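Participant: Protein chains in written order, with the working numbering: chain A, 4 to 437; chain B, 2 to 408.
So that we are looking at the same thing, I have put the structure below in structure tokens.
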Amino acid sequence: MFAYYLDLALRSLKRNKVLTTLMILALALGIGATITTLTVLRLLSGDPLPQKSAQLFYPQIDPNPKDGYVAGETKPAPTMTYPDAMNLLHARRATRQAAIVLSQAKVMPLQANSHPFFSDTVMTTADFFAMFDAPFQFGGGWNANDDEGAAQEVVIASFLNDKLFGGTNSVGKVIRINDHDFRITGVLKPWAPQPRFYSQDLGGRSYGDGDAVFLPLKSGRAIKMGPGDIECYAAVSDMDHLEAAPCMWVGVWVELGDAASIASFKEYLANYAKQQVSLSRFQRSETSLLDLMGWLRDQQVVPDDVRLQAGLAFGFLLICVVNTVGLLLAKCLRRSREIGVRRALGATRSAIFAQFMVEAAIVGMAGGVLGLVFAELGLLGIRHQPAEYASLAHLDLAMFLFTFVVALVASLIAGILPAWRACVLAPAPQLKAA
Amino acid sequence: MIMEIRPIFASMRKHMIPATLIVLEIALACAVLCNAVFMISQRVSDIHLPNAIDEQSLVTVTLRGTDDKLAGSDVPRNLAALRGIAGVQSAAVISTLPLSTNNWGWSFGTKPESTITDQSTTNVSLFFVGPGIDKTLGLRVVQGRFFNDDDYANSSLGSAPLPETHAVVLTKSLVEKMWPGQPALGKTMYTTGHYYTVVGVMADVLRPNIGGQNYSTAFFPLGAAGSKGVQAYYVMHCDPQDRDRIVREAELKLATINPGAVAKGQTYSEIRTKYFANMSSMAWMLVLVCVVMLAVTAFGIVGLTSFWVNQRRRQIGVRRAVGATRGHIMRYFQTENFLLSTAGVVFGMALAFGINAYLMQHYELNRMPWYYLPCGAIALWVIGQLSVFGPARRAAAVPPVVATRSA
Numbered sequence: 004m005f006a007y008y009l010d011l012a013l014r015s016l017k018r019n020k021v022l023t024t025l026m027i028l029a030l031a032l033g034i035g036a037t038i039t040t041l042t043v044l045r046l047l048s049g050d051p052l053p054q055k056s057a058q059l060f061y062p063q064i065d066p067n068p069k070d071g072y073v074a075g076e077t078k079p080a081p082t083m084t085y086p087d088a089m090n091l092l093h094a095r096r097a098t099r100q101a102a103i104v105l106s107q108a109k110v111m112p113l114q115a116n117s118h119p120f121f122s123d124t125v126m127t128t129a130d131f132f133a134m135f136d137a138p139f140q141f142g143g144g145w146n147a148n149d150d151e152g153a154a155q156e157v158v159i160a161s162f163l164n165d166k167l168f169g170g171t172n173s174v175g176k177v178i179r180i181n182d183h184d185f186r187i188t189g190v191l192k193p194w195a196p197q198p199r200f201y202s203q204d205l206g207g208r209s210y211g212d213g214d215a216v217f218l219p220l221k222s223g224r225a226i227k228m229g230p231g232d233i234e235c236y237a238a239v240s241d242m243d244h245l246e247a248a249p250c251m252w253v254g255v256w257v258e259l260g261d262a263a264s265i266a267s268f269k270e271y272l273a274n275y276a277k278q279q280v281s282l283s284r285f286q287r288s289e290t291s292l293l294d295l296m297g298w299l300r301d302q303q304v305v306p307d308d309v310r311l312q313a314g315l316a317f318g319f320l321l322i323c324v325v326n327t328v329g330l331l332l333a334k335c336l337r338r339s340r341e342i343g344v345r346r347a348l349g350a351t352r353s354a355i356f357a358q359f360m361v362e363a364a365i366v367g368m369a370g371g372v373l374g375l376v377f378a379e380l381g382l383l384g385i386r387h388q389p390a391e392y393a394s395l396a397h398l399d400l401a402m403f404l405f406t407f408v409v410a411l412v413a414s415l416i417a418g419i420l421p422a423w424r425a426c427v428l429a430p431a432p433q434l435k436a437a
Numbered sequence: 002m003i004m005e006i007r008p009i010f011a012s013m014r015k016h017m018i019p020a021t022l023i024v025l026e027i028a029l030a031c032a033v034l035c036n037a038v039f040m041i042s043q044r045v046s047d048i049h050l051p052n053a054i055d056e057q058s059l060v061t062v063t064l065r066g067t068d069d070k071l072a073g074s075d076v077p078r079n080l081a082a083l084r085g086i087a088g089v090q091s092a093a094v095i096s097t098l099p100l101s102t103n104n105w106g107w108s109f110g111t112k113p114e115s116t117i118t119d120q121s122t123t124n125v126s127l128f129f130v131g132p133g134i135d136k137t138l139g140l141r142v143v144q145g146r147f148f149n150d151d152d153y154a155n156s157s158l159g160s161a162p163l164p165e166t167h168a169v170v171l172t173k174s175l176v177e178k179m180w181p182g183q184p185a186l187g188k189t190m191y192t193t194g195h196y197y198t199v200v201g202v203m204a205d206v207l208r209p210n211i212g213g214q215n216y217s218t219a220f221f222p223l224g225a226a227g228s229k230g231v232q233a234y235y236v237m238h239c240d241p242q243d244r245d246r247i248v249r250e251a252e253l254k255l256a257t258i259n260p261g262a263v264a265k266g267q268t269y270s271e272i273r274t275k276y277f278a279n280m281s282s283m284a285w286m287l288v289l290v291c292v293v294m295l296a297v298t299a300f301g302i303v304g305l306t307s308f309w310v311n312q313r314r315r316q317i318g319v320r321r322a323v324g325a326t327r328g329h330i331m332r333y334f335q336t337e338n339f340l341l342s343t344a345g346v347v348f349g350m351a352l353a354f355g356i357n358a359y360l361m362q363h364y365e366l367n368r369m370p371w372y373y374l375p376c377g378a379i380a381l382w383v384i385g386q387l388s389v390f391g392p393a394r395r396a397a398a399v400p401p402v403v404a405t406r407s408a
């Protein structure tokens, strides 16, 4: 029966080529726009570390003054002062913990006559690599003693290793960072979590190429590497010793294995804030412990424009669906007489309904295929845009399949009204008119 | 006209579904169009924000990774080298530029007890400028004076985040914000441990990042010797046609005489274009969506009206046979479309305002000005009339003899 409907539908679509083309084109444009924007949205709001994100947490406390504080309604500060970060780190209440500060390092190539260049740099502590599952190509990270001793050791990204050492094993070699010698302890494999969860509010980018240089926080500070973002909450007299200044510029991440350890860390954090309040160091006792995805949501990492585009594309798809409803209706009512004949010869209402739904589905599938072409064109356009996530915009298998789901659902919804109108048509007047 | 409308309503009642679909399509198109055009206009007005410097004549090279302690001798030497390039009319250093995204902000109040955390203070972007910057940038001082040699010589940057000086030049918008309706010259702005007296007011210069108070810009004098190397932007004024050559020469020159540092040259137009690149590509995307959407809507109306005309060939034939002219038939379909468009536009306006209210709540969007609605209405009326023209002509071409044929 289905094969027969298919044949009928194809015949009907062929009979009026202009109308069919218009329908498919409009639906394809709507689907193309929707899939393009949804691909980008999905990409930008994705989970950067799917295997680990549920165990990673971002503690927040609030050293800001009382002014402007509403108990229970004010969010804690996004970053921490250096003393607070170190207190949390040294307490070792989590399985792993790391402090993070972003900066820019001047790297001097070894070749003669070459110019130095700036690279995105992460100043952090030993647990960073294991906690974030950063994979090593050669060597490994540094240890906690190197953190305390401000050892001049460094881990570099694979693209920097390619640039400086032609991709060979450079562990043990020396590179010059900000005019100081650092020994390479490890080289990462290509690693660039998207979105870059650990760079939020630290002055880094959210998407795009990974960071190039990783070094112990104290070592970086010892050679006067400045943080990418500083937020001060009181008058500052000495910016050269940021560690003691009333300024926030450090992000802290902790890894917590199970519900019990999460609960106990929350309690520890709350107690820490209360203790600081009783010492009059803090005026606010608000704390927060968001997990990785929660922190990304809190930071609204997905640009507003991308969400607006997705909304707009849905509006556009809706217009295209209404348009398809109208055109399908026009097509099927034009065939009133044919329907009358089929009904008179014994076709049931549901048979007519099914016939027209199959026709709608064919339009939908054709719209889906063409929509896929439009989506690829749209993504090609996005890859040529100046946005930092541009190079990531590619269609994956899930979105490929989803395109057809959208196409089918949209066309079936569009087909319901015309098919219903067709099947409730009384056969007698149609035959009489003939 | 009145005579024409009644039969139209009668026929619409018989064809509720196609009529409703046209109304719905126009309503959706109107709602999306108004909001999209509004978003485009907001972006376009941001992209064209005025900025009181000679944007078209400026070239800059950033020099980073220098030795801070040598700034006192390095900066004058570098500037002298840049002034030696053919076509450079003047050169000076500054800590950041408008729209460079490199922002150093601080909050100031108008009372001596103002602290950085006061809710009443104003956040200001700080520019630490070297001698000659007013001429190089083409600043327009509208009141008072710009910095003199003493101001530059007596200013320095210690370990504090603010310079040791007492002179400041603010933009017109900023003094109006801090001291509304009062003469600003001689007024003092405060933050704990520092105070600065306004010696001059300049035309509005943009901040390094826009959003909110776009012109909260303050210039502080800073001589090279006490600058701690914060003045990384070397700015040159030249004829617009020399810019590309001077960028290359200046970058090469600074890289050669500062082998340990990183020099990067740009024209000011490039900085501005880069800053607004995302915004302008979004605006173009919105334009594309609007055009395609209007095309889809128009084709939808053409399709539905054609079908409708075909269905009523007999009625048209009868009307023609009893004396209606081609013009009557044309006008009938045009009036019908006008009525449907009007209904669509009315629903569309309500929907447009609803969407706008939602966007205002969830995104940084302003209220849509009222005149978007009549403009959107006119646009859709025109689209409706254009798309009905073809089918209406075909309807008018139906010969009266059709009436005599059976079906």
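The beta carbon of each residue, even a glycine, is placed where N, CA and C say it ideally should be.
Values in this document were obtained by computation on a predicted structure and should not be read as measured data.
Where are the alpha helix (DSSP H) runs, 4 residues long or more, that stay fully inside the segment 118-146 of chain B, in chain order?
Facilitator: Runs found: 134-138.
Participant: Tell me the rounded alpha-carbon separation between V33(B) and G349(B).
Facilitator: Position 32 of the second sequence holds residue 33(B). Position 348 of the second sequence holds residue 349(B). Roughly 8 Å separates the two Cα atoms.
Participant: To the nearest angstrom, how far is it from the Cα of F319(A) to the Cα of N357(B)?
Facilitator: In the first sequence, counting from the first residue as 1, residue 319(A) sits at position 316. In the second sequence, counting from the first residue as 1, residue 357(B) sits at position 356. Rounded to the nearest angstrom, the two C-alpha atoms are 16 Å apart.
Participant: Which of helix, strand or coil does DSSP assign to L365(B)?
Facilitator: Residue mapping note: residue 365(B) aligns to position 364 of the second sequence, counting from 1. With the sequence shown as reference, residue 365(B) is identified as Glu, and Leu is not the correct amino acid for it. E365(B) falls in the coil class under three-state DSSP.
Participant: To the nearest angstrom, how far is it from the Cα of F141(A) to the Cα of I226(A)?
Facilitator: Within the first sequence, numbered from 1, the residue matching residue 141(A) stands at position 138. Within the first sequence, numbered from 1, the residue matching residue 226(A) stands at position 223. Using only the alpha carbons, I get a separation of about 26 Å.
Participant: Which residues, in chain order, does the segment 11-42 of chain B contribute to contact with chain A at a C-beta distance below 9 Å?
Facilitator: So the list reads I18, P19, L22, I23, L25, E26, L29, A30, A32, V33, N36, A37 and M40, given in the order they occur along the chain.
Participant: What does N311(B) touch in chain A if you count any residue whose Cβ is under 9 Å from its own?
Facilitator: As a working mapping, residue 311(B) is identified with position 310 in the second sequence. What N311(B) touches in chain A: A333 and R337.
Participant: Kindly indicate if chain B contains any beta-carbon less than 8 Å away from that of F120(A).
Facilitator: Residue numbering aside, residue 120(A) sits at position 117 when the first sequence is read from its first letter. True, the Cβ-Cβ gap to chain B drops below 8 Å.
Participant: Mind checking who M126(A) pairs with in its DSSP beta bridge?
Facilitator: On the first sequence, position 123 is the one that residue 126(A) refers to. Partner(s): V104(A) and L218(A).
Participant: To the nearest angstrom, how far is the alpha carbon of A147(A) from that of V76(B)?
Facilitator: Against the first sequence, residue 147(A) aligns to sequence position 144. Against the second sequence, residue 76(B) aligns to sequence position 75. Whole-angstrom Cα-Cα distance: 41 Å.
Participant: DSSP puts W309(B) in a beta bridge; with which residues?
Facilitator: One-based indexing of the second sequence puts residue 309(B) at position 308. Note: W309(B) sits in no beta bridge, so no partner.
Participant: If you draw a straight line from the C-alpha of A57(A) to the C-alpha of L292(A), how long is it?
Facilitator: Within the first sequence, numbered from 1, the residue matching residue 57(A) stands at position 54. Within the first sequence, numbered from 1, the residue matching residue 292(A) stands at position 289. Going by the C-alpha atoms only, they are around 12 Å apart.
Participant: Given a cut-off of 8 Å, decide if L311(A) and Y210(A) are closer than it, judged by their beta-carbon atoms.
Facilitator: Residue mapping note: residue 210(A) aligns to position 207 of the first sequence, counting from 1. Residue mapping note: residue 311(A) aligns to position 308 of the first sequence, counting from 1. No.
Participant: Starting from the Cα of I419(A), find the closest Cα among V361(A), V409(A) and G371(A) and give me that residue.
Facilitator: Position 416 of the first sequence, counting from 1, holds the residue named residue 419(A). Nearest C-alpha to I419(A): V361(A).
Participant: Could you give the residue range of the alpha helix (DSSP H) that holds L415(A)?
Facilitator: What you label residue 415(A) is simply residue 412 of the first sequence in a count that begins at 1. It spans L400 to C426 - the alpha helix (DSSP H) in which L415(A) sits, taken as one unbroken run.
Participant: Check the Cβ of D65(A) against every Cβ in chain B and list those closer than 9 Å, keeping chain order.
Facilitator: On the first sequence, position 62 is the one that residue 65(A) refers to. Those do not exist, as D65(A) stays about 13 Å from chain B at its closest Cβ, beyond 9 Å.
Participant: For T39(A), which option in L415(A), A401(A), L382(A) and D399(A) has the closest C-alpha, if you only look at C-alpha atoms?
Facilitator: In the first sequence, counting from the first residue as 1, residue 39(A) sits at position 36. T39(A) has its Cα closest to that of L382(A), out of L415(A), A401(A), L382(A) and D399(A).
Participant: Between D149(A) and P196(A), what straight-line distance do the alpha-carbon atoms span, to the nearest angstrom?
Facilitator: On the first sequence, position 146 is the one that residue 149(A) refers to. On the first sequence, position 193 is the one that residue 196(A) refers to. So the two alpha carbons sit approximately 26 Å from each other.
Participant: If you drop the 5 nearest sequence neighbours on each side, which residues of the same chain put their C-beta closer than 7 Å to that of I3(B)?
Facilitator: Working through the second sequence from its first residue, we reach residue 3(B) at position 2. The pLDDT assigned to I3(B) is 49, lower than 50, so where the model puts this residue is not dependable; a value taken from the coordinates is nonetheless given after this. Contacts found: none.
Participant: Quick check on L375(A): buried or exposed, where buried means 16 or more other Cβ atoms within 10 Å of its Cβ?
Facilitator: Residue 375(A) sits at position 372 when you count from the first residue of the first sequence. So L375(A) counts as buried.
Participant: Of all the CB atoms in chain A, is at least one closer than 8 Å to the CB of E271(B)?
Facilitator: Position 270 of the second sequence, counted from the first residue, corresponds to residue 271(B). No - not a single Cβ of chain A is within 8 Å of the one on E271(B).
Participant: Three-state secondary structure (DSSP) at A81(B)?
Facilitator: If you number the second sequence from 1, residue 81(B) lands on position 80. Correct three-state label for A81(B): helix.
Participant: For F39(B), does the count of other Cβ atoms within 10 angstroms reach 16, so buried, or fall short, so exposed?
Facilitator: Within the second sequence, residue 39(B) is the residue found at index 38, counting from 1. F39(B) should be labelled buried.
Participant: Q267(B) bridges to which residues according to DSSP?
Facilitator: Numbered from its first residue, the second sequence carries residue 267(B) at position 266. In DSSP, Q267(B) forms a bridge with T61(B).
Participant: Roughly how many angstroms separate the alpha carbons of K109(A) and R208(B), rounded to a whole number?
Facilitator: Numbered from 1 along the first sequence, position 106 holds the residue referred to as residue 109(A). Numbered from 1 along the second sequence, position 207 holds the residue referred to as residue 208(B). In a straight line, the C-alpha of K109(A) is about 27 Å away from that of R208(B).
Participant: Could one say the Cβ of M2(B) lies closer than 8 Å to chain A's Cβ atoms, at least one of them?
Facilitator: Residue mapping note: residue 2(B) aligns to position 1 of the second sequence, counting from 1. Legend: pLDDT at M2(B) = 47, less than 50; position of this residue unreliable, value from coordinates given subsequently. M2(B) does not count as touching chain A.
Participant: If you check the beta carbons only, do T84(A) and P66(A) fall under 8 Å apart?
Facilitator: Taking the first sequence and counting its residues from 1, the one referred to as residue 84(A) is at position 81. Taking the first sequence and counting its residues from 1, the one referred to as residue 66(A) is at position 63. Against a cut-off of 8 Å, the Cβ pair of P66(A) and T84(A) comes out as a contact.
Participant: Please go through the segment 28-102 of chain A and give each complete alpha helix (DSSP H) segment of 4 or more residues, from N-terminal end onward.
Facilitator: The segment 28-102 of chain A contains these whole alpha helix (DSSP H) runs: 85-94.
Participant: Can you give the Cα-Cα distance for V190(A) and R199(A), rounded to whole angstroms?
Facilitator: Numbered from its first residue, the first sequence carries residue 190(A) at position 187. Numbered from its first residue, the first sequence carries residue 199(A) at position 196. So the two alpha carbons sit approximately 19 Å from each other.
Participant: Could you confirm whether any beta carbon from chain A is found closer than 8 Å to the beta carbon of Q57(B)?
Facilitator: Position 56 of the second sequence holds residue 57(B). Not one chain A Cβ lies under 8 Å of Q57(B).
Participant: With a 10 Å radius around its C-beta and 16 neighbouring C-beta atoms as the bar for buried, classify A266(A) as buried or exposed.
Facilitator: The residue labelled residue 266(A) in the question sits at position 263 within the first sequence. It is exposed - the Cβ of A266(A) has fewer than 16 other Cβ atoms within 10 Å.
Participant: Give me whichever residues DSSP pairs with H195(B) in a beta bridge.
Facilitator: Position 194 of the second sequence, counted from the start, is the residue given in the question as residue 195(B). DSSP, once it has assigned bridges, lists T192(B) as partnering H195(B).
Participant: Would you list the residues sitting across from F139(A) in a DSSP beta bridge?
Facilitator: Locating residue 139(A) in the first sequence gives position 136, counting from the first residue. BP columns for F139(A) point to L191(A).
Participant: Using a Cβ-Cβ cut-off of 8 Å (strictly less than) and excluding sequence neighbours within five positions of D68(B), which residues of its own chain qualify?
Facilitator: Stepping through the second sequence from its first residue, residue 68(B) is reached at position 67. Correct list, in chain order: D75, G230 and G261.
Participant: Rounded to whole angstroms, how far is the Cβ of W107(B) from the Cβ of L80(B), which I believe are closer than 8 Å?
Facilitator: Position 106 of the second sequence, counted from the first residue, corresponds to residue 107(B). Position 79 of the second sequence, counted from the first residue, corresponds to residue 80(B). The Cβ separation is near 27 Å, so there is no contact.
Participant: Identify which residue in W298(A), L16(A), L30(A) and M26(A) has its Cα closest to the Cα of A410(A).
Facilitator: Position 407 of the first sequence holds residue 410(A). Of the candidates W298(A), L16(A), L30(A) and M26(A), the one whose C-alpha sits nearest the C-alpha of A410(A) is L30(A).
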